[in-house]
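Residue numbers (this note's numbering), protein chains in the order written: chain S, 7 to 207; chain H, 630 to 889.
All residues carry an ideal CB built from backbone N, CA and C; glycine is no exception.
Report on the following structure.
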Amino acid sequence: MITIVDYEMGNPKSIMNMLSRLGIKSQLSRNLDDISQARKLILPGVGAFDAAMRNLKKFNLINSLNKKALEEKIPILGICLGMQVLTHSSEEGSEKGLGWIDAQTKKFDSSLGIKVPHMGWNYVLPKTNSPICKELNHKSRFYFVHSYYVQTNNDQNSCMKSNYSIEFDSAIQNNNIYGVQFHPEKSHKYGMQILKNFSDL
Amino acid sequence: MLRSRLIPILLLRGKSFVKTVNFKKFSYIGDPCNTVRIFNELEVDEISILDILATRNNKEPNYELISEIASEAFMPLSYGGGIKTVDQAKQIFDLGIEKIILNSEAINRPEIISEISEIYGSQAVTVSIDVKKSFFSKVQKIYTKCGTKATDLALAEWALKCESMGAGEIMLNSIDRDGTWNGYEIDLYKDLSSKLSIPLIGIGGAKNIDSAKDLIKNANCSAAGVGSMVVFQKEGRGVLINYPEPSVINAKLHNKFDED
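Pasting the structure below:
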């Protein structure tokens, strides 16, 4: 059973649809009892960084999530904005992030002649030693929609890199904590593999 | 490298998908859930569903049907048709659709664009614009209500206003080319894409993957919307849901290695 954190940021329904296709049970909740009993957590997220951090505070989730991530060390997967809030901060806002992974979130520079948001299918370059990258390679493609990207301070926290005028971290990891910038739930068999890898942890 | 997208545009009329010619002459394509299931198996880049009757009949989106479609589709999905309020958009997002498409209501009340994008982000809002050349001059006129009502808006000005109001993407349909298999009207898109800083999706006239290549390479569009070529066997033939092989798309649109 995977618990998807319901903090009113984005599209948990499509994640649940894909998990259910994979035969993996999931529940959507922000009930503190559910969170404290969770064995695996997904932090979804579409929208603005500050709104996400404020909602996590508003629903009183930060302490419980810190405990699950840093003390109990259960597997946690942040998706899209849910990955960005794992970092220290974002150029999108002024709120502090959860800071579980030594990284920050920056804005794509549209003066480099690229369209922002980075929207569409792009490739990843996976590091083979991370369990989240199992069965994936440089031909795996994923659906991205984001105007901000994550840059790790320490390359060992990077598990996949992608390129959009600059190279950025499309998947990150710090021990039990994972984040992916793309939307696995919208990325056909490649996304299914990511959710399966996470579920197999 | 970001891949250019090839997006089947599926027209919902009541409970069926149809295909049009010049926004008229409806041919039955099939049951929406079955059709989307086939496109899902073909691993299409993205799907756009447009309810072509909702606005004209002043109806709410068919949430039940949209929900059923979304549960089968593991690719990006956008939906347009009959959305007039933030609350309706929220209901659509909650079903697992990540982009909504505005057309007539954006023209009636442009604030709807910012109302939705301020909450859900600009990536969640596409504005669709339908144009047709006027009878006497070559000027592209903007139409609303599925091509039934002409407006006085100027194309570039309107598209830039949508961008400034928070649209994340513009979808530009040529009514003259719709369903004609004559290829895209390249100049129309070329001019607009150079003015926009958000992605432009061209729709209308695609005959084959080479049309899409032409649109992407020569008009600098981020995506090619396709209708007839992915729902019919070929011009003048029967219904066949199809989509180019990844290796063909890669070779034509990306100059990239084959996928396995």
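- Contact check for S/SER35 against S/MET22 fails: the beta carbons are separated by 8 Å or more.
- Annotation: H/ASP716 to H/TYR708 spans about 15 Å, alpha carbon to alpha carbon.
- Taking a cut-off of 8 Å on C-beta distances, the segment 107-118 of chain S does not touch the segment 779-788 of chain H, as fewer than three cross pairs fall below it.
- DSSP places H/ARG866 in the coil class of the three-state scheme, outside both helix and strand.
- When DSSP states are grouped into helix, strand and coil, H/PHE655 belongs to the strand group.
- Under the Cβ distance rule, H/GLU744 does not count among the residues neighbouring chain S, no pair being separated by less than 8 Å.
- Contiguous alpha helix (DSSP H) elements confined to the segment 670-756 of chain H occur at 692-699, 715-723, 733-737 and 740-749, taking only those with 4 or more residues.
- Under the three-state reduction of DSSP output, S/ILE200 falls in the helix class.
- Look at the segment 691-713 of chain H: the residues with a C-beta under 9 Å from a C-beta of chain S are SER696, ALA699, SER700, GLU701, ALA702, PHE703, MET704, PRO705 and LEU706.
- One Cα belongs to S/GLU191, the other to S/LYS19, and the distance between them is close to 9 Å.
- Contact between S/PHE150 and S/GLY197 does not hold, since the beta-carbon distance rounds to 11 Å and is not under 8 Å.
- Taking the CA atoms as reference points, H/PRO637 sits about 7 Å from H/GLU675.
- When DSSP states are grouped into helix, strand and coil, H/VAL859 belongs to the helix group.
- By the C-beta criterion, the segment 54-69 of chain S is judged not to be in contact with the segment 739-746 of chain H, since fewer than 3 inter-stretch pairs fall below 8 Å.
- Sequence-ordered contacts of the segment 763-792 of chain H with chain S are nonexistent [C-beta pairs closer than 9 Å].
- The three-state secondary structure of S/SER35, taken from DSSP, is strand.
- Interface flag for S/VAL186 against chain H is unset, since no Cβ pair is found closer than 8 Å.
- Going by C-alpha positions, H/ILE730 is about 41 Å away from S/LYS79.
- Within chain H, PHE703 have C-beta atoms less than 9 Å from the C-beta of S/MET24, given in sequence order.
- Residue pairing by DSSP places S/ASP175 opposite S/VAL156 and S/LYS167 in a beta bridge.
- For S/ALA54, a Cβ of chain H is located within less than 8 Å of the residue's own Cβ.
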